[in-house]
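Participant:
Numbering (the working numbering), first residue to last: 11 to 216.
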């Protein structure tokens, strides 16, 4: 059994991922009745949001005895790095982000749920920060926060799916808006993740 928690990027690639993993794993994810799609920039429902939201959700979810996946696919980062255009204040500071991820790793370890981390997808500064957004994001912050996650995953021997590197290779032409992707890119992202999982499962059988 595999459970996914992620931001709006994951909501978009999930239908493809579930299809590609059919017969390989029993797939499920954080769900809603369409609330997340109302505004993808304000996380709610299926949108995992920042690391604070993910940690709070997991603390609650792990109390449910019915929640017992073998593997948890996880990403949080895009909402953590939101910056106030006037003050440049970041939503979740690096120190707190690190602490939140460390706590998530600890909680999952206690339940013997194997974490598989998915890196945060790229930001094109000139596209995102055009003046139309109420918050800014920067690719440099993406790299810093991905690096923090990488260091934690290395420390705890957690596998990392480098969706950032893969998506970067698709080019800026794949964006439909400030940060989300065309349907064709979503399918490719899902295929990349599914390929990793199939390979991992083959070498680390459930």
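For each residue, glycine too, the CB sits at the ideal point set by N, CA and C.
Using a Cβ-Cβ cutoff of less than 7 Å, which residues in the same chain neighbour residue 20 once the five nearest sequence positions on both sides are dropped?
Facilitator: 14 and 85
Participant: Are residue 132 and residue 102 closer than 8 Å when you measure CB to CB?
Facilitator: no
Participant: Would you check if the distance between the CB atom of residue 23 and the CB atom of residue 147 is smaller than 8 Å?
Facilitator: no
Participant: Which whole-angstrom value describes the C-beta separation of residue 134 and residue 182, a residue pair presumed to lie in contact below a C-beta threshold of 8 Å?
Facilitator: 5 Å
Participant: Starting from the C-beta of residue 124, find all residues in its chain whose C-beta is less than 6 Å away, skip the five residues before and the five after it, and write them out in chain order.
Facilitator: 81
Participant: Distance check for residue 92 and residue 155, CA to CA, integer angstroms please.
Facilitator: 12 Å
Participant: Taking the straight line between their C-alpha atoms, what separation do you get for residue 202 and residue 208?
Facilitator: 10 Å
Participant: Quick check: what's the CA-CA separation for residue 111 versus residue 38?
Facilitator: Rounded to whole angstroms, the gap between the alpha carbons of residue 111 and residue 38 is 21 Å.
Participant: With three or more beta-carbon pairs closer than 8 Å as the criterion, would you say the stretch 163 to 182 touches the stretch 116 to 130?
Facilitator: yes
Participant: Does the Cβ of residue 40 have 16 or more other Cβ atoms within 10 Å, making it buried, or fewer, making it exposed?
Facilitator: buried
Participant: Please state the DSSP three-state secondary structure of residue 116.
Facilitator: helix
Participant: Taking DSSP as the reference, what is the three-state secondary structure of residue 62?
Facilitator: helix
Participant: Roughly how many angstroms separate the alpha carbons of residue 185 and residue 63, rounded to a whole number?
Facilitator: In a straight line, the C-alpha of residue 185 is about 26 Å away from that of residue 63.
Participant: If we require 3 or more residues per run, which beta strand (DSSP E) segments fall completely within the stretch 148 to 172?
Facilitator: none
Participant: Do you know how far the Cα of residue 113 is from the Cα of residue 121?
Facilitator: 13 Å
Participant: Pull up the DSSP beta-bridge partners for residue 77, would you.
Facilitator: Residue 77 is not bridged to any residue.
Participant: Would you decide whether residue 60 is buried or exposed? Buried here means 16 or more other CB atoms lie within 10 Å of its CB.
Facilitator: buried
Participant: How would you write the range of the alpha helix (DSSP H) that residue 196 sits in, first residue to last?
Facilitator: 193 to 213
Participant: Per DSSP, which residues does residue 14 bridge with? Please list them.
Facilitator: 39 and 83
Participant: Alpha carbon to alpha carbon, what distance is there between residue 98 and residue 166?
Facilitator: 32 Å
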